[in-house]
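Read the structure below first, then the notes.
Residue numbers (the UniProt record's numbering), protein chains in the order written: chain A, 1 to 106; chain B, 1 to 706.
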């Protein structure tokens with residue numbers, strides 16, 4: 001985290017830092033996409049210092065809203081190879097340093 | 001008595017003792033019955049603490065007990081009123097009977113007579129299903145017996161308690177017996193119907209299917225801080241760009257819409273806006289109004305034709321007349337090559353003294369009430385032709401000698417091209433125009449013929465129309481004297497021409513002198529052949545639609561003639577005075593003649609006395625199949641006739657601006673009967689057959705002369 005903040009500072013010094021949610025890849029329909037995106041934003045803002053809780057919140061809320069077996073990963077650096085149900089994938093960045101991958105697979 | 005009383009007291013004593021022994025809970029009040037002590041002694045299992053210890057002497061003491069039949073509780077002093085003696089009297093006799101316990105047994109010994117009977121009655125039931133209950137019953141019954149026995153042994157004092165205990169065993173037997181009695185209820189044998197019934201229960205089955213799993217896809221990526229950073233950077237740049245772009249096209253769009261708005265404002269006033277709708281409504285109304293004609297057009301066949309061999313009729317269908325053309329003559333008619341129901345007519349005047357304006361009118365069979373479109377011209381239109389490939393283009397020739405090209409699609413009132421005196425205008429009325437195939441440079445071109453003796457080729461370039469004289473009809477032997485004694489060469493007056501269908505260069509020219517020249521585009525001053533065909537002006541020359549050498553002419557000299565083109569290589573002596581293959585006298589000036597598109601032997605002609613003639617050489621070589629008055633008024637002259645290329649109708653124009661469409665009756669379009677079962681012939685064989693048909697007739701005629 002310390003590194004990240006340093007990076008942030010460096011960024012803000014040199015260039016602007018963008019913190020808006022940026023959807024990198026998604027095959028959801030628009031309605032679902034916006035909802036999921038907003039949820040991710042709220043979760044990450046609520047648990048800014050605890051990615052685990054944020055992921056848990058995202059997963060639980062998605063399970064409630066769109067049915068079971070959602071998976072969410074929130075983190076600053078990781079690699080993944082997932083299999084998801086079509087039309088149920090969201091891969092986005094938020095806050096300038098967090099990547100969120102959210103998918104459904106039962 | 002005292003003897004007797006003592007034991008009684010003793011008994012009472014013992015009872016008292018027993019009571020004290022058992023305590024308060026034993027509430028049963030018992031009379032005599034067997035003394036339990038004797039019984040107990042033998043067993044002597046339990047010795048109550050407060051039992052009296054008796055000495056041997058006391059124990060050996062004998063008590064004589066006399067059992068009497070008297071009930072100690074029975075009242076001794078019952079007094080009843082005797083009516084006989086009118087006083088209360090003591091009853092001497094007292095009922096001494098006391099029942100302490102009774103139990104009706106219903107147990108049977110298995111081998112007893114009754115049990116056997118019962119077994120017989122229930123037969124199998126007891127054998128297979130009720131075997132076990134029977135035994136149970138027996139055992140329980142046995143238990144009951146023992147219980148009763150015990151009760152009996154222990155004494156009546158315990159009777160009720162015992163009965164309670166025995167109920168456990170005995171109770172099940174009682175309802176069993178009841179059930180059995182219910183089951184055995186006798187049915188009414190005369191009128192019995194069993195109410196209960198049980199349907200067959202369908203067996204349950206499990207059935208499973210496997211649905212397709214929801215489609216899945218894989219996705220993989222890596223998250224690193226720099227990737228996130230790059231992605232944001234990229235996206236941000238994109239956003240900036242789109243912002244810039246959005247601003248620019250926004251303005252453009254505004255401009256465009258404004259332009260459009262102004263355009264629509266300027267062009268579409270109220271009338272043009274409803275034009276298409278009005279047109280649809282107009283067509284609908286016409287369809288209703290002329291429904292009977294449309295039905296006739298499609299379905300009416302003259303039944304009487306079956307009873308006439310060599311005659312046919314023409315059924316008048318729609319009549320087309322236009323207010324502005326009322327005083328003009330129809331100078332030519334032409335079907336549209338694209339739309340089967342559309343045709344164009346030109347209106348002008350044949351009268352030299354009454355020249356005025358002209359008209360080109362497009363009519364459709366779907367709307368006889370008003371033209372599809374029309375062009376007004378300052379001079380009489382004498383001829384027109386619709387371009388076969390571009391059906392919106394119309395070439396027209398005027399009485400003043402000019403030619404012009406109109407376009408039906410362009411919203412332009414006048415012609416798109418028109419020649420003037422400067423560029424090759426004819427000096428006399430143009431009698432016929434005809435589109436030709438596009439030339440080597442793909443420019444559209446057409447020919448015109450005029451009384452001034454010139455045949456011109458008009459080529460349409462981008463913005464202009466250029467002309468070229470193809471042939472000049474000179475009369476070689478006659479020359480007129482000019483006012484100053486100069487010899488002026490006289491020219492022949494062309495009135496009609498027709499181009500050969502196969503040979504591009506070959507064409508016929510009819511002249512006012514009654515001659516027919518066979519010409520070639522290649523020779524500008526020389527005729528391939530010349531026939532002295534008529535004595536008066538030739539109004540129409542027309543190649544046969546099938547036979548390449550046959551053509552027809554009509555003339556003001558009342559005749560229609562059919563000719564054969566001689567082989568130019570073979571020299572004929574009397575070309576000039578050659579005789580036609582056929583000649584028909586129609587008893588009036590023949591305005592127009594037209595070959596039928598469906599047969600090589602059928603042609604139609606119209607005359608100035610308002611009659612239309614239809615001939616079929618295959619059926620009758622001398623007389624018309626149909627001679628019919630078409631014009632409404634006696635003095636109306638028929639000027640032109642044309643067959644529709646597809647439908648069995650033809651249109652006839654008169655000199656009052658009116659056009660009548662006529663349906664040909666079945667006899668007029670009789671084709672050579674096909675062999676039954678034979679496949680429909682293709683186009684080439686059809687043409688071949690038509691040529692053969694005509695040739696067969698011609699051979700008979702050819703041999704006749706000489």
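Every residue, glycine too, gets a C-beta built ideally from N, C-alpha and C.
Okay, do the region 371 to 384 of chain B and the region 394 to 403 of chain B touch, 3+ Cβ pairs below 8 Å being the bar?
Touching, yes.
With distance defined between alpha-carbon atoms, name the residue in B:630, B:403 and B:606 nearest to residue 319 of chain B.
Counting from one through the second chain, the residue named residue 319 of chain B turns up at place 319. The option with the nearest alpha carbon to residue 319 of chain B is B:630.
What are the start and end residues of the beta strand (DSSP E) that includes residue 561 of chain B?
Position 561 of the second chain, counted from the first residue, corresponds to residue 561 of chain B. Residues 559 to 564.
Which residues of chain B have a Cβ atom closer than 8 Å to the Cβ of residue 105 of chain A, listed in chain order?
Here residue 105 of chain A is taken as the residue at index 105 of the first chain, counted from 1. Those are 216, listed as they occur along chain B.
Can you find a C-beta in chain A that's less than 8 Å from the C-beta of residue 249 of chain B?
Taking the first residue of the second chain as position 1, residue 249 of chain B is located at position 249. Caution is warranted here: a pLDDT of 49 is assigned to residue 249 of chain B, below 50, making its placement in the model unreliable, and no coordinate value can be reported.
Taking 8 Å as the cut-off, does the region 692 to 703 of chain B touch the region 346 to 355 of chain B (at least 3 CB pairs, one atom from each stretch)?
Cβ pair count under 8 Å is below three, so no.
So what does DSSP say about residue 226 of chain B, is it helix, strand or coil?
For the purposes of this step, residue 226 of chain B is taken as the residue at position 226 of the second chain. Helix, per DSSP.
How many whole angstroms separate the CB atoms of residue 643 of chain B and residue 627 of chain B, which I take to be in contact at a CB cut-off of 8 Å?
Numbered from its first residue, the second chain carries residue 643 of chain B at position 643. Numbered from its first residue, the second chain carries residue 627 of chain B at position 627. That belief does not hold up - the Cβ atoms of residue 643 of chain B and residue 627 of chain B are roughly 17 Å apart, past 8 Å.
Looking at the secondary structure, which residues open and close the beta strand (DSSP E) in which residue 585 of chain B lies?
Against the second chain, residue 585 of chain B aligns to sequence position 585. Run containing residue 585 of chain B: 582 to 585, per the beta strand (DSSP E) assignment.
Which same chain residues, not among the five before or five after residue 52 of chain B, have their C-beta less than 6 Å away from its C-beta?
To locate residue 52 of chain B, count along the second chain from 1; it is residue 52. So the list is empty, once near-sequence residues are dropped.
Measure from the C-beta of residue 25 of chain A to each C-beta in chain B and report whether the shortest distance is under 8 Å.
For the purposes of this step, residue 25 of chain A is identified with residue 25 of the first chain, where counting begins at 1. Yes, residue 25 of chain A lies at the interface with chain B (some Cβ there is under 8 Å from its Cβ).
In chain B, which residues lie with their C-beta within 8 Å of the C-beta of residue 90 of chain A?
Your numbering for residue 90 of chain A matches position 90 in the first chain. Here the premise fails: no neighbours, minimum Cβ distance about 10 Å.
Tell me which same chain residues have a C-beta within less than 7 Å of the C-beta of residue 260 of chain B, skipping the five on either side of it?
Walking along the second chain from the start, residue 260 of chain B turns up at place 260. The predicted model places residue 260 of chain B with a pLDDT of 44, which falls under 50 and marks its position as unreliable, so this point remains unresolved.
Measuring CA to CA, which of B:525, B:526, B:552 and B:547 is closest to residue 538 of chain B?
The residue you call residue 538 of chain B lines up with position 538 of the second chain. Selected option, being the one with the closest Cα: B:552.
Give the straight-line distance between the Cα atoms of residue 561 of chain B and residue 516 of chain B, rounded to the nearest whole angstrom.
One-based indexing of the second chain puts residue 561 of chain B at position 561. One-based indexing of the second chain puts residue 516 of chain B at position 516. Computed Cα separation, rounded: 11 Å.
So, is the C-beta of residue 221 of chain B closer than 8 Å to a C-beta in chain A?
To locate residue 221 of chain B, count along the second chain from 1; it is residue 221. Interface residue, yes.
Out of B:653, B:585 and B:671, which has the shortest C-alpha to C-alpha gap to residue 618 of chain B?
Within the second chain, the letter at position 618 stands for residue 618 of chain B. The option with the nearest alpha carbon to residue 618 of chain B is B:671.
Give the DSSP-derived three-state secondary structure of residue 666 of chain B in the structure shown.
As a first step, residue 666 of chain B must be located in the second chain, where it is residue number 666. In the structure shown, residue 666 of chain B sits in a helix (DSSP, three-state: H, G or I).
Can you tell which of B:566, B:606, B:85 and B:547 has its C-alpha closest to the C-alpha of residue 600 of chain B?
Residue mapping note: residue 600 of chain B aligns to position 600 of the second chain, counting from 1. With distances taken between Cα atoms, residue 600 of chain B lies closest to B:547.
On the DSSP letters alone, give me the boundaries of the beta strand (DSSP E) that residue 739 of chain B sits inside.
Lying before the first or after the last residue shown, residue 739 of chain B is absent from chain B, which here runs from 1 to 706.
Here's the rule: buried if 16 or more other CB atoms are within 10 angstroms of the residue's CB, otherwise exposed. What is residue 98 of chain B?
Within the second chain, numbered from 1, the residue matching residue 98 of chain B stands at position 98. Result: exposed.
Let's see if you can read the secondary structure: which residues bound the beta strand (DSSP E) around residue 338 of chain B?
On the second chain, position 338 is the one that residue 338 of chain B refers to. Careful: residue 338 of chain B lies outside any beta strand (DSSP E) and carries neither H nor E.
Short check: CB of residue 663 of chain B to CB of residue 300 of chain B, under 8 Å?
For the purposes of this step, residue 663 of chain B is taken as residue 663 along the second chain, with counting starting at 1. For the purposes of this step, residue 300 of chain B is taken as residue 300 along the second chain, with counting starting at 1. Yes, they are a contact pair.
Give me the chain B residues within the contact set of residue 83 of chain A, using Cβ-Cβ distance strictly less than 9 Å, ordered along the chain.
Here residue 83 of chain A corresponds to residue number 83 of the first chain, with the count starting at 1. Under the 9 Å cutoff, chain B gives 216, 217, 218 and 219.
May I have the straight-line CA-CA distance separating residue 86 of chain B from residue 67 of chain B, to the nearest angstrom?
If you number the second chain from 1, residue 86 of chain B lands on position 86. If you number the second chain from 1, residue 67 of chain B lands on position 67. Spanning the two alpha carbons is a distance of roughly 38 Å.
Give every residue of the same chain whose Cβ lies closer than 8 Å to the Cβ of residue 98 of chain A, excluding the five residues on either side of it in the sequence, and list them in chain order.
Mapped onto the first chain, residue 98 of chain A falls at position 98. Here the set comprises 44, 51, 74, 75 and 76.
Which residue's Cα is closest to the Cα of residue 317 of chain B: B:563, B:431, B:446 and B:367?
Here residue 317 of chain B refers to the residue found at position 317 when the second chain is read from its first residue. Residue B:367 is the option with its Cα nearest to residue 317 of chain B.
Rounding to the nearest angstrom, what Cα-Cα distance links residue 210 of chain B and residue 239 of chain B in this structure?
Stepping through the second chain from its first residue, residue 210 of chain B is reached at position 210. Stepping through the second chain from its first residue, residue 239 of chain B is reached at position 239. Cα to Cα, the separation comes out at about 47 Å.
Determine, using beta carbons only, whether residue 107 of chain A comes closer than 8 Å to chain B.
Residue 107 of chain A lies beyond the residue range present for chain A, which begins at 1 and ends at 106; the question has no answer from this structure.
Using beta-carbon positions only, say whether residue 638 of chain B and residue 652 of chain B come within less than 8 Å of one another.
Within the second chain, the letter at position 638 stands for residue 638 of chain B. Within the second chain, the letter at position 652 stands for residue 652 of chain B. Taking 8 Å as the Cβ cut-off, residue 638 of chain B and residue 652 of chain B qualify as a contacting pair.
What does the alpha-carbon distance come out to for the pair residue 70 of chain A and residue 230 of chain B?
Numbered from its first residue, the first chain carries residue 70 of chain A at position 70. Numbered from its first residue, the second chain carries residue 230 of chain B at position 230. Going from the Cα of residue 70 of chain A to the Cα of residue 230 of chain B covers about 28 Å.
Would you verify that the beta carbon of residue 41 of chain A is, or is not, closer than 8 Å to some beta carbon of chain B?
The residue you call residue 41 of chain A lines up with position 41 of the first chain. By this cut-off, residue 41 of chain A is not an interface position.
Helix, strand or coil for residue 57 of chain A, going by three-state DSSP, please let me know.
Residue mapping note: residue 57 of chain A aligns to position 57 of the first chain, counting from 1. Reduced to three states, the DSSP call for residue 57 of chain A is helix.
When burial is assigned at 16 or more other CB atoms within 10 Å of the CB, is residue 461 of chain B buried or exposed?
Position 461 of the second chain, counting from 1, holds the residue named residue 461 of chain B. Classification for residue 461 of chain B: exposed.
Hey, how far is the Cα of residue 443 of chain B from the Cα of residue 457 of chain B?
Counting from 1 along the second chain, the entry for residue 443 of chain B is found at position 443. Counting from 1 along the second chain, the entry for residue 457 of chain B is found at position 457. So the alpha carbons of these two residues sit roughly 12 Å apart.
According to the neighbour-count rule (16 or more other Cβ atoms, all chains shown, within 10 Å of its Cβ), is residue 81 of chain B buried or exposed?
Here residue 81 of chain B corresponds to residue number 81 of the second chain, with the count starting at 1. Looking at its Cβ environment, which holds fewer than 16 other Cβ atoms inside 10 Å, residue 81 of chain B is exposed.
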